[in-house]
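Residue 33 in the working numbering sits at position 33 of the sequence shown, with consecutive numbering throughout. Glycine is no exception: its CB is placed at the ideal position from the N, C-alpha and C atoms.
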Amino acid sequence: MDNGIPQNLIDRINELANKKKKTGLTEREQEEQKRLRSTYLSMFRESFRSQLEMTQVYDKKGKEVTPDKVKNIQRKRGLRDD
1 MDNGIPQNLI DRINELANKK KKTGLTEREQ EEQKRLRSTY LSMFRESFRS
51 QLEMTQVYDK KGKEVTPDKV KNIQRKRGLR DD
């Protein structure tokens, strides 16, 4: 699944997590882990927000029931023309 997060970032986070469990981390590695996690969360949130903003919701009858808040965001970004 392409979530916009580079695989090398995820690999390094996992590498540090495994090392922390086995032998512990140096202070420098702890700082790197904190920075990488922060970067990951920021990228994840942006990707998730983008997915939500692109979403349209329909009821069983096919009528669009997307919340107005989402519709307004979509209009601001030029994703809707209604």
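Proximity below 8 angstroms, CB of Met43 to CB of Ile10: Taking 8 angstroms as the cut-off, the Cβ atoms of Met43 and Ile10 do not count as close.
Beta bridge counterpart(s) of Pro58 as assigned by DSSP: What sits at residue 58 in the sequence shown is Tyr, not Pro. Beta-bridge pairing links Tyr58 to Glu64.
Continuous alpha helix (DSSP H) assignments of at least 4 residues falling wholly in the region 2-46: Counting only runs of 4 or more, we get 7-22.
Pairwise C-alpha distance: Phe48 and Thr66: 17 angstroms
Leu79 - DSSP class collapsed to helix/strand/coil: coil
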